[in-house]
Each structure stands twice: as structure tokens, then as C-alpha cells.
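Colleague: Taking the UniProt record's numbering, the leading residue of the sequence shown gets 1, the next gets one more, and so forth.
Just so it is clear, CB atoms sit at the ideal spot from N, CA and C, and this is done for glycine as well.
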Amino acid sequence: MEIFDLNQDLNPLSVNSHLDSHALPDNNPLGLPKNSTPLELSTPDIEISDPQGIEPTLTTVLSEADLWEADSAANTTDLIAHQPDQSTFSSLEAFSIDDLTGVFTVEPTGEITTDFLFDAGGYKSELAIISLEGMEDLIPGSTAFIQEGARRGLSGSPLGHILISDRNEGARFSGELGEKNRNRGDYNSPRTVFMNPGDRVALMLVPDGTLSQVANQPNLQGSARPFFSMTAANPGEKTQLAQVTGSLFAWEDLRLDGTSDRDYNDIIFQLQGVTGRATAFENLVAANKDWRDLDLGKILIDHASFEDVNPLQITVRLANDTGFDSTDGITFDSNISGLVTGTSLITAFRGKWDSPSGGGFVDILSALEDDGSFTLTLAQLEQINGSPILDGEHRLLLQAVDAAGNFSETELVFTLDTTAPRLTGTPSSLSSNFIDVSFNEFMEAGISDLDNYTLKQVGNDSDGQVVEITSVEQLDGQKLRLYFSAPAAGQYELTVDSSVSDLAGNALSDGDELDVFSPLLPSKVGEVYVSGAALAFQDLGPLSGVAIDEITGKLILLSEEKDGVNSSHLRLDDVVTIFRSVYEEGQAPYVTIDPDPEDLEGDFIVLHDPFTDDTYVGWTLFEADRIMKTYSLGVDNVTKEPFTSLVPGYKNLFDPDFQSANDFDEAIFERFWIVPAELSRDQAQVEDKSLTLLDVTLKVNTERIILDENGVLITAPDPTPSDGAAYFSNWFTENYDAIAQEVQLPPPDGSGIVGTVSPFTETEGMALITGVAEVLQDQVIFMPDWMQQYGVSPVDVTDTTPKLKVTETIEEETEEGVTETTVEIDGGVSLEPETITSQTNNPPTAVFAEKLFDIADTQPLLASFNFIEAGKTYNALAVPTDNTEALGGQMLRELDLAIPMQDGTDLSLERSFHSFFVPDSILGNSWTLDLPTLEQEFTSEFTTYQFSSPLKTQSARFIQDKDGVFQPDKPDKLFPLLVGDDNRIGTETKLVRFQDGRDWHFDPQGQLLGWVEGPVAAAYKRNSQNQIATIEGWYDNTKQATIELTYNTNGQLESATGSNNSFVDYGYNAAGQLASVTGTNISLEYTYSEQGLVTGIQKDGTLTAMFTYDTRGQLTSEWMSDGTSDGTTLIYGIQYLDEGIQLTVTDVETQAMVNILYDSDLQPLQQTFSDGKIIYWL
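(1) Can you tell me where the alpha helix (DSSP H) holding T143 begins and where it ends?
(2) Output the distance between the C-alpha atoms of K990 and D718, rounded to the nearest integer angstrom.
(3) Report yes or no: do the segment 606-625 and the segment 570-589 share at least 3 C-beta pairs separated by less than 8 Å?
(4) Can you confirm whether the segment 763-770 touches the segment 690-708 when touching is taken to mean that 3 or more C-beta pairs between the two stretches lie within less than 8 Å?
(5) Expressed to the nearest angstrom, what Euclidean distance is found between the alpha-carbon atoms of Q1040 and G459?
(6) Within 10 angstroms of its Cβ, does I162 collect 16 or more other Cβ (buried), or is it exposed?
(7) Would the beta-carbon of P197 fall within 8 Å of that of T327?
(8) Taking 8 Å as the limit between beta carbons, can you name the residues of its chain near V795, skipping five residues before and five after?
(9) Counting C-beta neighbours from all protein chains within 10 Å, is the total for N35 16 or more, i.e. buried, or is it exposed?
(10) Can you give me the Cβ contacts of V309 inside the same chain, cut-off strictly under 7 Å, excluding the 5 residues immediately before and after it?
(11) With three or more beta-carbon pairs closer than 8 Å as the criterion, would you say the segment 913-927 touches the segment 1086-1095?
(12) Since W786 and V530 are thought to touch, with beta carbons under 8 Å apart, how far apart are those beta carbons, to the nearest angstrom?
(13) Quick one: does Y264 have its CB under 8 Å from some CB of chain C?
(14) Nearest-angstrom Cα distance between W353 and F442?
(15) With contact counted as at least three CB pairs below 8 Å, one residue from each stretch, are the segment 1008-1022 and the segment 866-879 in contact?
(16) When the distance is taken between beta carbons, is A232 closer than 8 Å to P140?
(17) Tell me the residue span of the alpha helix (DSSP H) that contains E988.
(18) On the DSSP letters alone, give me the boundaries of the beta strand (DSSP E) that F324 sits inside.
(19) Ordered along the chain, which non-local residues of its own chain (more than five positions away) have a Cβ less than 6 Å from that of T424?
(20) Starting from the C-beta of L368, find all residues in its chain whose C-beta is less than 7 Å away, skip the five residues before and the five after it, and write them out in chain order.
(21) V686: which of L852, D257, Y187 and Y264 sits nearest, CA to CA?
(22) R350 bridges to which residues according to DSSP?
(23) Classify G526 as helix, strand or coil using the three-state DSSP reduction.
(24) Can you name the residues that DSSP bridges to P968?
(25) Please name the residue in A400, P421 and F332 whose C-alpha comes closest to that of L378.
(26) Can you check which of these residues, S758, G771, V754 and M628, is closest to S729 by C-alpha distance?
(27) For A202 and A128, I'd like the C-alpha separation in whole angstroms.
(28) Less than 6 Å between C-beta atoms, sequence neighbours within five positions excluded: which residues of the same chain meet that for Q995?
(29) Where does S448 sit, in a helix, a strand or coil, going by DSSP?
(30) Specify the secondary structure class of P29 as computed by DSSP and reduced to three states.
(31) Is the segment 498-510 close to the segment 412-422, with three or more CB pairs under 8 Å?
(32) Rounding to the nearest angstrom, what Cα-Cα distance links F942 and E584 in this structure?
(33) Starting from I299, follow the alpha helix (DSSP H) in both directions and report where the run begins and ends.
(34) Between which two residues does the alpha helix (DSSP H) containing R626 stretch?
(35) Could you check which residue in A1018, T1049, N1023 and P950 has the C-alpha nearest to that of N1037?
(36) Under three-state DSSP, which class holds N283?
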């Protein structure tokens, strides 16, 4: 909501910002008739107060910002159309606004009271009072003046109010006053409004219509054309308002420049609280229409002249203004009290809420005591409202009527706030010597008291040690800064005293601590988290770079937006295909089209590398190669139709320019293949982060080939290509982009691509993906596991293509007569660049890298974002690797069996679920024993071992160094890979040893054989199907417990039996998911989502938990119950902020809240509890 301070910001329309400079006259802007002077009033009842000492300034702050919006074009046009003749204006020096008839001044109290006394008009009128402050530059009667007046009257502010709405209310008196009674409706007067003391005001009457209509259509004419108390604003400058006595006024609702009856009885009212001039009644009324001597006329005049010595009056206040200032109208106690005073018996007392949801007036006379006092409780206030009274600003209207017919109305405006303030998770400016503390609402001044805050160290040998807070600085009404002596690094807890209160006096909540919730700690991402990755990749085009954050493991893929390039969006299928080729095959993707050695006259064979076969990448490379050869021969090998190109300079191999160079005695064999001519790398390093910008140009290579004695095409001893081949190769390379735009093909079925694509443009994009993969491989960044598990959609790619052979018959006048020339070509496409050029630490690239990482740190994984750098627009996407973690994953662990052993140790069988993963295990595809494996991997660069568990709770790599030793990528946690020999395991093993002394043993196939932790060991014995059949528990060299496992015909775990006769049985649903677990002291049932995530848990037949997740597997809500209560519902949310990543947990019922803020590396910074406790990590 925009707020304007009228003293400083607003002088409505005074600067003529919406008016043409020629639309206003240079003088007399109020339209006073030429050479006129103010009228002298002949009635003695008019008292004009001395306005001196009353500052005519507007101090009210409006919330009706749209009050000041004006359509400049409409207003300008209207003003020009209605501009009076310049000759009708005299000098500005001739008058001031205070001299005008019909202009009034608000008295010092600011209260203006109107009493609607009589209605003899046939129209349904609406009367308003408007402030003239700031309207000095508007021509009275102009469209702009009328519209501004209507807007002010509608504002319900010190700029104006509606006083009488004839269509919605009736007058106090009824009867005949020169014509028949036309009074209708309930009498709701007197009405008191507030305006700024000293302001000049005028009355505005819409004879037959409403101010809203006028505000929307200020050009309305006829009976809807407004009248004003100031004659200069009326049609023909006629006087439509008459002053009967000092406070009694009467309107003539028919235009005096038309067919008016001049009876001035149409709207009669009493106006108090202003002083000023108006034209006397007797000077205006028609001689035969004067009603002052009629019986009803005398009653009206007497009523207006009578002053009650003890008038009916309502005073009202908050019964308990609990705010910091007892008069600030802010409270947590909604009770209202007051007093109704007067000389006559109170016959009516009613109230209503001035709000959109509030209804009409409700009778509350029963609340009045004999002495006139009253108290309205919350129940009574809600009865008036018809619904509960919610926190917020309210306006209560009260009306009273006594036996004499006197009427009084007043209002009470207050703010109700019954909600206890809370500490919020707004990220603090955390430093070594201060902490920022934020509240969810404005607080009272006492929050600056040092005694309200206690900071102490927790979680180590110094647990409980208090850190001295030296001073408090209040930054604003909701935020303060605590300064303290610089503490050592560690964990600290700040406690805020519960006596701290908000502006309404509500103390900080201390009873709604949220201490039981799923912590959703950072965890590795899995296949569920990346299940929607394919959609995210579509926001990118051809890659132009890759950035690597070595700490978080995030890869940031970049694409530059380029106009005029017709290429499809980046596809995850293509990225995975190419990464697999580079990482697992050890070379860039390729395709060749070559003769079949066993049938040289048959179709050519299409050969792919293993990972591009039946993929869109394979189809693209094949078509790029085939069409390139079509260009070279001038014939499509599939359709056999002649082919030509519109690209300038095109010549195929049979062009006459090349015939003289051909050797007609033998067939010509040429090889053409597309290859990246050069891959350029522009690299920059920023601490543990790096950026590589890539660019690639493709070319066509060619050489002469021959058939060897085995019928195999090999490079000729002299590989120099023919003139035609050399020309064609150069032409194709130089015009690659133009040729790419010339060739558009429908994509193959299964690709999901809509429209047409250019194989040449797509090939260029795939060369860039290859460049990215090779950059990552060079930096020892491994292909993520989720890419290995990702299923690439198959695309049908032919294994053969018709022979690429053209026979040209050339007639020459030689002895040989007719000569026949045969040209055969082969070749292919390889995405391996011929050369790589690198540039490092280029200053602009370093700047680019810093900006990219600053933005990327505030963005979620797999959510594209864009930015502009050096005039270029980039789209980017952060992609996880095996080391990347995310928030929001739900981890469930269940201990199914525990067999006691020595010294309080157990041999246990524990299973786990994590919402980021759907592991394929002996427990189905949702739960797992989470046992790690040690798998050997081979790349073109080195051999590694990957140590990981299905849920990535264990994850590391061992990379072979130059001495043949496999070194861990986490040397602070692991030793190099060892050879193990433990008698309890029973065989030689590959040994993973942790720095804390734990050992994990694996067989040559990488399967877990056992683990050792201090004196306790577990050995896993397998059956002939390689399934774990027995788990042995050892304490030192004594076997003390076993667990026997059995399996069903699907290879799923069916039962587990402990050596102490405890047991557990497992049941599965039709989808193969674990549905039930029953056994000794356990009975559980599970339900799942379509993604295979646990959504419900029943324990002993009673529902105890329910969960919901987003598409990434992040927990969004959790319901928990012990089976004896309604349970607790928690809502989880994650926000990416400039300061870091914030996890919020909210109790739906109590609104208790916990906010946990992490930095971009997912290290915790602070944990805020809404009840007054904050934990910081320094």
C-alpha cells in the first residue's frame, strides 16, 4: 500500500502534471465572474469566525493512493473542451479563495456535523463535503474540478466525506412543505465527520446520482451534473445553495439556468462545525415558494436554532488499552467500554463494524446500565460482527437516540493483536562480535534492555559458559543488534526473556516450543530428487560452458542465448548419452558409414560407439554424416533424387570444373568426415570453484583412400584428396552455419522433439556437451551415479544405409569413346576435437565466474536461472554430482531385530528409507539395509573404487596414484584402500578403514563381507545365490549372536530370525514394495506414493504417521500421533535467500515454528525457535 504525506508529497493536481500548459488561464483560476465582488449576506444568523491562527495544512496520511491517480489524456482533453473564455476572468489580485461565496472554513475541533432534516425533492441526491486545499489551480466547474471533488468526497478522509445519501436514508421530518411529502428511508442523522481544522471546504450535491458515477464519468450532464456551494463551479454560475439561518441550508436540485421552480426545499439540512459565507435564502427563493412561514418550515427553523444544554453524546474507549502507550489504540483485550449521556431517556443504542464483512446495525440497548455506562465483551462484539473478531485494525460505529428524537453517532478505531510475538528465521547478520535478532512484528521499546538476552556457549567443554553482551542497538521496530566480546568458534545459544512484548503488550511465547520434528538434515541426492531433471534441462540451449563447485559438488551448465540459431533445447538424454561415451567408453561419441567388407556392393554399415546406438545422439551423427555425403555427391542415397544447394559456391564432386583432374582409369574412393576443428577453453579459478567457457567449430576433413588386398578401405599412400574433394571440404567448413540452416529434418520417433531440427546444428551442440564431459574428466569429476541409472529413451536408428556410390557417364571425343567414372565415399562423424586451446585466468572470465557463483549460490538445484554478463544473456542450471547434498529429504529408520551381546552391545538388523532414493534391494524399491559396496571402475584415465551405500550414507572414491596405491578422495576420514585378513570374516578382503578405527571388508566383486568396530564385528555369510543368509555377531573372538535370513521366490527378504528366537516377517504389495513387517514386539504397515515414497505408517493397526512430498522427494508435511491423540501436523518449507538456504518447520495448530538457516555449502548458521531461543554456529 502506497502512503502519501499530504504535507510533503501531495498537492493534488496543483502542478498540472496531467494538464496541457494552455488548458488553464493565466489568472482567476476559480472562475470568479469578471469584476465581481463577494456577496454581502443580509441574514444576521451568519457568524464568520476569524480563521487566523488555524494553519490550513493537510497533515492526514491517506491509504487511498488511487485517489490521486488521474487519467491525464482524458482530463487534458476535457479541460480544453470546457475552458471558459479568457475574457471572463479578472486578475488574480482581485480576490482570494477565502472571499468566495459558498466556501467554508473548518472550525478548530475539526468535527463537522450534518443533520438531514427534510426531503422534498423528486430526485435521489447525494451530498458531500470536500476540502479545497490543493485545488486552487483547477478551474471551478471544469471536468478536472468535478472529478477531483467526487474523488475527495468518496475518500472518507480529511479530504472529504459523503454527508447525505438520499437513496439510502431518510430525513428527520416528514410532511408537506409547499409540495407533497417525498421522504423515504430510515433516519440515520446526525452524522459527524472529521476534517482538518482551518481547511477551506465546499459542499457538493449530485442532484440525481452518486459521487461514484461522477468520479468515473465527470462529464455527466443533466440531472447528474453536480452543484457546488460556490457559485463559480455551477452551470451559468448560478447559486443552487441557500442559507436559511446560521446553520440551516437548503438546495435547489433543478438547474437555475433551466426550468427550476426555485423553491429551495429539495434537500434541507443543518450544518455545524464550519464558518463561512453563503447566499441568503430570501435573495434566492421564488416569491410564491417561500416556505419559512409554513408550520413545518417553522419547525425546521426552530429545530436548527435550538441548542440542547446537555445534548445526547456517546463516549467510547478500549476497556484496557494494553499497548506500550495507553492511548495508542493497540490492545490484546477486545473489551470496549463507554458512556451515553443526555437529558432524555435513551430509546435506542446500536452498533456495527465498518468493514467489508460487517453487516448492518445491531441493537445493543441491553448493554446500557442505568447510569448510561456500557461494556461490550468479545462475545457481544462478535454478535455485532456476525463472526469472530480477528486480529487487525477495526472501526466500531455506535449510534444512540433519546426520547426527544436527538441522535448521536461516534466511532472507535483500534488495533486488536492477540497473537504472541515470535522470533523469526530472518537471516541474521552474523559476525564475530554481533548478532542480529528479528521478531515477526513490531515490538515495544523494552526490547533494547540488555537483561532480556542471554548468550552462552553449548555443545563442548565450555557448555553453559555465558558470553557477555555489551550493548544493544535497535535497528528498527522488529530488529535489533546484540554486541558481545568476540567468542571462539563453536555453537552458541541465545535466549530471549519471555517478558519481551509487542506493541499490544503480548509477551513472547514461551509455551509453544517445537522440539519434535524431522530435522531433514542435508543428504546426498538420489534418483527421486533428479526425476524431473529432464524438464529443467529444456530451459537451456546448446552449452557454452560449465562451472564446478568442488565443495558442494554442483555442476553449473551454461548456455548462451543466440538469435537466429534453430536448435532444439538441451536434452538430458543427450547429456547422459555423451557422458557415458566419454566416461565409460573413454572416447567421444562417433558414427561411421562404411562399406560392408563382406559385401562391397551392398548397403553401407552404420557403426556407432556402444553408448550412442539407438539414441538421438546416434541418429543425429548418422544423419549429419549421410547428408554431408549427399552434398558431396549431389544425390540423396536414400531417395536417389538429384540434390543441389542454394548456399553460394556449392559444387559437388562431379562438377565440370573438377572433371579434367579425374583419373578415369579407376574408381575414385574419397573419405569425408565431420570433426571439431578446434575446441577452445577459457578457464578461471575462484578458490574452490572453477569456470570453463567453451567454443567449438566443426569442419569437414577429407582424404583419398584405397582398397587393400582384403577389400578394406584404408588411407591411400598418397592421401592427397582430389581437387573436387578438397574444394568441397573447404566450402562445407566455411559455410557450415548456412548449410545447417538449409537442412531441416523431422526428428525421429521417440525423441520427444516437436518441429524440425538441423542435424548439423545439433551435432555442434553435441560437440559442446562432449567438451564439457572432457573438461570434467580432466578435473577428476566423476559421472554422477544418477546418470548411470538414468534411462535414455530409445530412438530407432538404422544399422545400414544405401550405398553411397554415384556413377557418372562422361562423353569425350577420345579413342576410348564413352568414359564412365565411379565415385564412392565413406567416413563418419567424430566429436573428438582435433586440437584443444586453453586460456586461463583471463580477468573478464574471472569476473564472470564470481558473478555466476554468487547467483548460483542462491538458486535451487535443477532450477534454471538466467543473467546478463558483458551484454550476453545466459541460462544456467545447477546439476548435482555424487557429492552434492540437498535439504528436505525424509529419513526413516526401523530396528527390526536386536540380539543382545556382551557389554550392552547388539547384533541388529536395521532398515532405512530415504525420500530421495528408490533403491532396488532385497526389501523392494523403497526400503534397504543400506549396506555399502566397493565397486571397481575403469576410465580412460585411471582405475578407481567407489565405496557407497544405496542411500549414499557412505560415499567415497579411491583413485589409483602413480605408485599404484588407491588414495581416498576424503583423506581426513579414510585411509588408502588396504588388504584385509580378519579370521572372523574368514577370507582375504579389500579393506576400507576409517580414521576413527572402523573397518569394512569386501570381496573381489565388491560385496560387503563384514565390518569391525572396536571389539564388535559382524560377518555376512552368503548362500549359493549370493544372498546374505546369515549375519554373525562377534565380540572379540567369540561369536555371540546370529540372524538367519530367508527369501521368497522374487529374491525379496521374507524373514529374519535371531539366535534368541526373536523374529520378523516381511510382506510385499503387488508393486513389490514392503507392505508389512510383523514379528516379536513389532507390527507395522506401510502405504506409498506413485514415486514409491512412504506416505503412511500404521503401528499395531493404528495410523501413527502420514507424509507428503514434492516431486523431488522433499518432505512438505508430516502428521504424527502416538495413537491416543489427534496428532500433530507440521508443514515444511525451503527458501533460497541471499544469506543462504532456510528450512522452516511450522506446527499447524500452535503455529510454533523453527527456522534453520544454512549457508550455500549447507553448513548450519542458525536455528531459531519461535519461543525465544536461537542457536548460532560461529
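Modeller: Result, derived from the coordinates:
(1) T143 to L154
(2) 54 Å
(3) yes
(4) yes
(5) 36 Å
(6) buried
(7) no
(8) D614, T615, Y616, G618, W619, P748, D749, G750 and S751
(9) Only weak support exists for where N35 lies, its pLDDT of 35 falling under 50; the coordinates are left without a value.
(10) Since pLDDT at V309 reaches only 47, below the 50 mark, its modelled position is unreliable, and the value read off the structure follows with that caveat. There are no such residues.
(11) yes
(12) 5 Å
(13) No chain C is present in this structure, which holds just one protein chain.
(14) 26 Å
(15) no
(16) yes
(17) Premise fails: E988 lies in the beta strand (DSSP E), T987 to R993, not in any alpha helix (DSSP H).
(18) Premise fails: F324 is in no beta strand (DSSP E) and is neither H nor E.
(19) S438 and N440
(20) V340, I346, F349 and F374
(21) L852
(22) D363 and Q399
(23) coil
(24) F958
(25) F332
(26) M628
(27) 9 Å
(28) K973
(29) helix
(30) Only weak support exists for where P29 lies, its pLDDT of 31 falling under 50; the value from the coordinates is given anyway. DSSP places P29 in coil when its eight states are reduced to three.
(31) yes
(32) 11 Å
(33) D295 to S305
(34) Y616 to L633
(35) A1018
(36) helix
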